[in-house]
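Everything below concerns the one structure shown next.
Chains as they are written, first to last, in the working numbering: chain A, 16 to 350; chain B, 16 to 350; chain C, 16 to 350; chain D, 16 to 350; chain E, 16 to 350; chain F, 16 to 350.
Okay, here's the thing in structure tokens:
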């Protein structure tokens with residue numbers, strides 16, 4: 016492209032002047048051939064980067080400044096402008112080419128944790144180190160030392176769409192939960208802290224195969240048919256079976272932690288929590304997911320410029336409730 | 016005991032004259048020390064045999080004709096009479112001794128299938144033989160050739176209390192389902208008969224460890240915490256992992272059959288049926304269990320001497336509905 | 016129209032080149048006057064044929080090649096092209112005239128069973144012939160001999176939108192159910208095959224007045240206010256009352272089969288199944304409807320060119336579940 | 016019996032001195048042979064009269080003062096005393112003989128409306144007379160002129176156990192509803208008063224065959240399998256079909272009123288109210304049944320001597336809620 | 016504007032010729048800057064008057080005939096035409112100016128009761144006068160004599176969107192309910208008419224602060240967080256606390272009437288009705304709201320020109336049921 | 016009584032030898048006159064102390080060693096023995112007299128917290144002191160400085176039957192929650208710790224008037240009709256209204272915390288949590304109540320002598336689930 020314009024992220028477009036030109040790197044999440052009413056062909060795209068996704072239209076696919084050879088999964092550099100159609104933001108792309116290898120970091124193309132993954136991982140390992148039960152410590156070490164598992168664990172999102180739906184989201188969620196469990200465990204003497212932390216670290220591990228995050232976040236077919244609870248329980252069981260002296264009763268408890276962590280049959284747990292550690296895991300997991308949804312919604316409202324007196328949009332993860340940001344609403348003068 | 020009386024089964028007592036003496040062999044399912052209002056000690060028992068269970072009282076535990084040394088799990092010979100208390104049948108035991116080894120067959124002490132187990136097993140194996148898919152056939156053969164598994168599969172009840180709650184009930188239910196699936200499969204060309212039959216044969220296999228049937232039918236702790244769906248899926252997965260060339264996609268489908276066979280999340284399936292074979296398995300399994308409950312209730316009403324114009328009792332497995340026995344009600348003259 | 020182009024069906028348009036001209040005969044399901052933003056009048060239509068329905072626009076209603084005199088319910092010949100608007104296929108019509116009488120078969124204008132209706136009818140009658148109970152056989156013969164009823168029974172769809180929503184769908188569904196019931200009945204000796212088949216043949220007969228299928232498939236007002244269960248029960252009752260010696264108990268059972276066949280109060284059955292035949296009818300009816308929905312969805316995915324690794328769309332009749340086509344997914348090499 | 020004692024009703028026994036002798040006429044609702052722990056035979060009875068039912072025991076069935084020849088359904092004269100066992104009142108019967116024909120009125124043996132049935136019937140007919148629509152008036156007259164129907168309509172209870180569960184209860188409930196509907200109808204001009212009253216009078220008419228009230232209140236087999244909604248709709252339909260000029264649209268509405276009056280599918284209505292008259296019928300029917308349950312519970316608490324500050328027992332017909340009797344609680348001094 | 020055209024209300028536009036010019040006064044409910052695909056700025060508005068709301072577009076905001084200085088909440092005079100876009104009516108505005116003070120009545124800009132508010136208020140007061148209980152009469156007089164409360168009570172809508180969603184709707188609904196309660200109360204002697212009427216008059220009084228009706232009907236933040244039940248109970252409690260001799264038991268009952276009037280926990284009542292007056296209030300409130308929804312839907316269908324044989328649209332307040340207008344459907348000839 | 020025997024608490028009786036004599040002080044919770052089958056009068060009692068309640072029988076009320084003058088609510092000294100009847104423990108009382116004033120501490124007669132109330136109160140006040148928001152601190156101080164409120168707050172149970180159902184239970188539960196909230200609050204920066212703690216301290220304060228704990232734990236009539244949510248909100252609102260400068264927005268938030276703390280409409284909260292502090296309060300309150308139920312059940316099983324391999328009884332507060340005591344089950348050797 017001739018002159019370089021300001022590079023922009025998708026989330027910035029909401030507040031960008033309509034019609035003003037921008038440049039940006041994007042991941043192609045969808046590419047479709049279409050025709051206008053007047054039988055002119057055009058391209059319908061969904062483009063994404065780490066801040067979100069947006070529909071885009073190329074009205075002049077024959078323009079030489081539009082590359083021919085890009086497909087779903089490619090990273091492209093695009094120049095265009097934003098406009099609103101029927102209240103929905105849309106991108107109009109005037110120029111587009113494939114990004115050069117090395118020109119842009121792939122992890123910039125998908126939403127990603129704002130924390131340092133290395134630090135999160137170190138935190139996770141230090142929780143493992145803090146365990147006193149040698150069998151549970153060995154189980155966790157064995158799993159996290161597996162380099163394939165570890166690589167996926169560091170990258171996986173915690174969900175396709177709801178809470179922590181970004182690269183590193185699983186790890187971020189688990190570390191948050193470890194910290195929280197560590198605060199809550201001493202309050203109830205009947206809790207076995209080691210079993211609780213083991214449950215925290217393994218409860219969602221099946222997501223590393225339930226989801227794929229190559230091009231956007233998708234369920235795998237295996238993930239759809241089996242679910243992360245079954246996948247995770249199988250992974251844990253296989254590992255425990257490989258440890259010569261793992262106590263059978265403890266194995267049953269670890270599996271029960273994974274199986275029951277959704278807390279209700281209708282949420283896909285085949286068993287309800289029947290030990291105190293499983294009960295607490297379900298509560299904290301649910302609380303942490305919901306608090307993340309609250310925080311995410313407050314951030315979104317801030318980006319959208321909502322006034323402190325306005326309630327948020329309806330939040331799916333909270334039964335479509337609207338929320339109020341306490342601190343903004345009270346403001347300085349009142350508290 | 017001095018003179019031998021007619022030996023009797025528990026189910027016969029309902030129509031036995033109250034107060035008339037009988038002899039019988041029973042399994043001791045419960046034994047408790049109690050005291051009467053006037054501070055006299057007595058024994059409270061639950062005795063069982065293959066036809067049912069009954070509360071029993073020994074009002075004179077000090078009587079020399081009452082053995083001292085029997086415990087829960089023992090088989091005893093007892094002499095006594097039946098009476099009704101507050102509408103509930105009860106046994107009064109006057110004499111009791113431990114049964115001699117060999118004097119009575121243990122399998123007579125618990126409810127048991129009315130079919131020949133050897134024949135049922137042969138039927139099961141012939142269904143396996145009829146499979147064309149070599150991987151599925153190998154999977155089933157491997158599992159059923161395991162002598163520990165096979166022994167349990169032949170003995171296990173299909174449930175603790177509901178349908179097929181008797182020794183051999185699991186096998187009887189599975190063979191009935193195989194026959195039914197074999198009739199239904201050709202009606203829908205999109206069904207893979209081999210996968211369907213594999214699902215039928217493996218769907219409840221986890222019950223061999225979810226339940227125990229040594230002294231009465233009970234859940235094991237492992238069974239309570241994990242459930243037969245998880246136990247069965249793990250058994251199948253371990254076996255498929257042990258077969259060098261088992262196709263991964265097929266493995267996912269087999270596991271999905273087991274996981275989804277309850278048909279609803281709230282019934283403990285972590286996944287809903289998403290392939291036609293799983294859908295059909297859920298329907299046939301549910302139908303067969305309900306038809307068995309209907310047949311069982313009709314038998315019970317016949318034993319209780321209900322008139323053809325009376326509805327049955329409320330049937331738990333059918334949402335506490337009452338039923339009508341069509342054939343009895345219509346009788347000869349009307350149809 | 017000047018030169019004849021290739022005649023096309025609506026289902027073909029999905030894979031037709033956008034903008035390319037075609038000819039076709041269609042039934043007018045909706046006709047509305049509209050105005051563009053620039054105050055130009057245009058026509059908004061819904062056109063249908065046996066393969067589906069589509070929105071159509073006539074942007075130049077004043078064009079002499081557009082007939083003035085067509086209305087909802089007419090069959091027209093139209094020339095136009097297809098295009099996609101906001102992901103939805105749409106037809107643009109350039110020429111349109113009323114079809115001549117005889118030029119096209121009316122039954123080509125609505126979705127219709129792919130089976131031969133005469134053959135289906137013969138199959139139905141042969142099931143009736145196979146009954147041994149003379150009262151039930153007389154009841155069915157009396158109803159099916161009524162030429163008005165018979166004509167409607169052969170034409171009626173089984174539903175407005177869900178399973179078997181096409182001309183002849185009711186008959187096709189009933190014959191499938193008869194075959195299935197015939198396979199299942201011998202498996203359970205407590206079933207009265209004649210009563211079961213009678214229930215199968217009469218359970219949905221009220222649909223011949225609940226639905227209308229003149230112009231599209233619609234509910235009648237009577238159908239909305241009374242429902243096919245009540246309409247069918249009344250028809251059966253009236254017929255049984257007209258047979259001098261029909262046994263009263265048998266009449267109650269036949270009515271109960273019709274009333275309870277939806278299996279749950281919340282599905283509109285005023286009574287739950289209380290006899291084994293009603294229980295089985297509800298299961299098989301539900302299974303056959305769901306299997307038809309599965310088959311229909313697999314066909315749709317094939318037409319849409321989905322890959323074997325993709326799940327289907329969400330299927331309304333299966334609680335909005337997505338499905339996987341087992342046979343495609345496994346493919347040749349794996350099974 | 017030698018000397019005549021004060022005759023007593025069952026409801027009076029709750030406040031009767033335990034152990035004091037009484038005489039009374041009762042209907043035998045159940046008769047069972049039993050044996051005591053010490054093998055002595057005794058009789059277990061349920062006796063009833065218009066004020067209620069009670070368990071009774073005859074410990075000396077061999078006593079010559081105890082008749083041999085009485086059965087379920089007989090009216091007997093009994094002498095005995097009341098006592099409480101485990102908090103449940105029970106009768107001990109010392110003497111018992113069959114009542115002589117004419118000695119006692121059969122309608123005294125079952126709970127019965129406290130209103131004059133003749134007067135209620137006259138009120139019902141005057142509501143019919145007040146209708147202006149000739150077709151609806153003819154329909155109602157035709158039905159109520161049928162002497163079999165009329166006799167049953169005057170006797171039938173409105174339910175087996177819940178509201179208005181007494182002879183004449185159906186008529187009492189319908190007349191109360193007519194009065195209420197008559198008050199409410201003018202408030203909403205869009206209501207057709209004639210159709211509303213027709214619905215009120217016919218909505219529960221199926222109960223005359225759903226229930227039997229010969230010996231206690233029971234469901235008939237036909238009632239269990241079809242339900243009063245279907246039985247009533249069939250009766251109405253048959254009558255309308257017999258009237259040469261009954262308008263078809265009006266017939267549909269009358270049937271819809273009957274079918275939808277339970278207001279919810281899960282309460283057994285196959286259709287929800289879709290016309291204003293059906294909506295109002297459902298509301299008033301529900302309100303009247305609940306208000307009768309409230310009144311009945313208040314009466315019961317008064318009989319039991321509850322204090323004005325105590326809540327009532329849990330009321331089944333009101334979701335097991337406890338109630339407070341406003342007027343008693345406020346008392347004189349507070350209001 | 017140059018020449019005056021016919022002034023029009025929003026509800027009239029549905030049947031107005033598309034493209035034909037009209038004039039009208041409207042309240043601006045929303046004003047947004049937008050850009051077309053071709054980067055031309057335009058204005059997106061929602062305009063309302065007492066008959067409804069409509070989206071409007073100003074494609075030429077730079078036109079000197081379009082005022083610059085109007086905002087949300089202003090009343091404007093606009094000239095334009097109506098057209099349908101994707102089945103949704105839309106206004107195209109060509110000229111627009113601020114309305115002069117006095118030129119139009121603000122109450123014409125929001126939907127408003129069709130009754131005379133003064134008369135409704137007088138009716139309400141006469142119900143208060145009819146009370147015999149001096150404490151309840153004093154309570155109501157104290158509240159309604161408060162001029163701030165009285166002003167709001169006369170203006171408030173009864174809901175944001177559902178029944179009686181118009182200025183004066185609260186008062187209209189309450190007066191309708193008073194009349195209805197007055198008719199029903201004498202039918203049930205156990206009802207305290209004074210307490211019932213007090214409940215009717217106070218049950219929704221919290222809506223005067225739950226809703227705002229300055230610019231459209233909105234929930235206040237306080238309304239969202241506390242709800243009208245809590246706001247109303249607090250208002251009543253504060254007033255009763257201010258009356259020196261208000262009986263404590265009566266206070267509890269009045270509060271209970273307000274708290275329980277939604278009749279179910281899941282509808283936001285923290286307590287279920289436990290006194291007869293609360294039970295009746297809940298029934299009548301629900302009935303009146305639903306009958307108003309029926310009447311409103313029938314009016315809407317009349318305006319839309321639906322035929323008497325057509326069912327209405329789905330009505331949200333009636334579980335998305337469709338309704339039939341009895342009187343229209345039967346017509347003259349049939350009844 | 017002549018010779019003093021070992022004084023015993025009710026909970027000890029479960030493991031006491033049947034028939035052995037004991038002495039004890041008990042609160043009379045119920046006293047009823049009864050008659051045996053043989054017309055002998057006897058007394059039926061419910062006696063309680065801080066460890067539980069038990070049914071008791073006095074078979075010889077005429078015995079001079081049985082006091083005549085005791086009533087419900089009195090404390091008595093009784094001598095008797097325990098026995099089991101139909102699996103239910105029962106006391107037989109041989110001697111009974113009124114306890115002398117001062118002979119026994121009334122707080123020993125009802126279950127009571129095992130913590131020191133003075134210390135709990137000091138902990139509560141120190142949490143209040145830790146608040147930074149002056150308005151919230153003033154609100155809490157004003158309420159807790161009220162000596163009537165403070166006295167009740169220190170005594171009240173937290174429930175009638177479920178969690179913390181003992182004297183001081185409310186305070187114990189609140190202090191536990193404060194500690195827990197204090198641990199969790201810093202984990203989520205968007206939480207206002209002061210508002211959260213205020214919610215914790217006030218959420219159940221209405222229980223001081225919803226419940227009475229003079230003789231056993233009962234609901235007051237006011238408590239039944241209004242509930243502790245409404246009573247607590249009214250108390251908080253009245254106090255905030257009495258503070259001249261309490262910020263209105265903050266008042267709304269405090270009330271919202273109380274109203275929404277049950278978390279679901281169907282649990283009696285009229286509003287769902289819409290601010291983060293309310294969401295967290297609901298989670299922690301629920302968790303703490305459930306963990307207390309778990310701990311209580313484990314204690315009960317220990318008292319009942321259950322083996323570590325046995326699951327607990329079904330726990331009402333946990334949806335009738337059975338639980339496993341992790342630590343006991345694993346035992347020493349396994350972990």
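The beta carbon of each residue, even a glycine, is placed where N, CA and C say it ideally should be.
query = Is it true that the CB of residue 112(B) sits closer than 8 Å to the CB of residue 71(B)?
reply = Within the second chain, residue 71(B) is the residue found at index 56, counting from 1. Within the second chain, residue 112(B) is the residue found at index 97, counting from 1. With a cutoff of 8 Å on beta-carbon distance, residue 71(B) and residue 112(B) are scored as not near each other.
query = Expressed to the nearest angstrom, what Euclidean distance is found between the alpha-carbon atoms of residue 173(C) and residue 185(C)?
reply = For the purposes of this step, residue 173(C) is taken as the residue at position 158 of the third chain. For the purposes of this step, residue 185(C) is taken as the residue at position 170 of the third chain. The alpha-carbon of residue 173(C) is positioned some 4 Å away from that of residue 185(C).
query = Under a CB-based cut-off of 8 Å, is residue 255(E) close to chain D?
reply = If you number the fifth chain from 1, residue 255(E) lands on position 240. No, because no Cβ of chain D sits closer than 8 Å to the Cβ of residue 255(E).
task = Flag this pair as yes or no: are the beta carbons of residue 280(C) and residue 287(C) separated by less than 8 Å?
result = On the third chain, residue 280(C) is found 265 positions in, with the first residue counted as 1. On the third chain, residue 287(C) is found 272 positions in, with the first residue counted as 1. Yes, the Cβ-Cβ distance between residue 280(C) and residue 287(C) is below 8 Å.
query = How about the stretch 303 to 316 of chain A and the stretch 199 to 212 of chain F: do they share at least three Cβ pairs that are nearer than 8 Å?
reply = Touching, per the Cβ criterion.
ask   = Comparing the C-beta of residue 305(B) with each C-beta of chain C, is any distance below 8 Å?
value = Counting from one through the second chain, the residue named residue 305(B) turns up at place 290. It does; some Cβ of chain C falls within 8 Å.
query = What is the DSSP secondary structure of residue 168(C), counted as helix, strand or coil?
reply = Here residue 168(C) refers to the residue found at position 153 of the third chain. Correct three-state label for residue 168(C): helix.
task = Please name the residue, chosen from 154(E), 80(E), 188(E) and 122(E), that lies closest to residue 261(E) on a Cα-to-Cα basis.
result = The residue you call residue 261(E) lines up with position 246 of the fifth chain. It is 154(E) whose Cα lies nearest to the Cα of residue 261(E).
inquiry  = In the DSSP output, which residue or residues are listed as bridge partners for residue 59(E)?
reply    = Against the fifth chain, residue 59(E) aligns to sequence position 44. In DSSP, residue 59(E) forms a bridge with 47(E) and 72(E).
message = Which same chain residues end up closer than 8 Å to residue 283(B) when comparing Cβ atoms and leaving out the 5 residues on each side of it in sequence?
response = Here residue 283(B) refers to the residue found at position 268 when the second chain is read from its first residue. Once the five neighbours on either side are set aside, the close Cβ partners of residue 283(B) are 242, 244 and 277.
task = Hey, could you find the ends of the beta strand (DSSP E) residue 15(C) is sitting in?
result = The question about residue 15(C) has no answer, for chain C in this structure spans 16 to 350.
inquiry  = The alpha helix (DSSP H) that contains residue 196(F), what's its start and end?
reply    = Indexing the sixth chain from 1 puts residue 196(F) at position 181. Residues 184 to 199.
ask   = In angstroms, rounded to a whole number, what distance separates the CA positions of residue 334(F) and residue 328(F)?
value = On the sixth chain, residue 334(F) is found 319 positions in, with the first residue counted as 1. On the sixth chain, residue 328(F) is found 313 positions in, with the first residue counted as 1. Those two C-alpha atoms are separated by around 12 Å.
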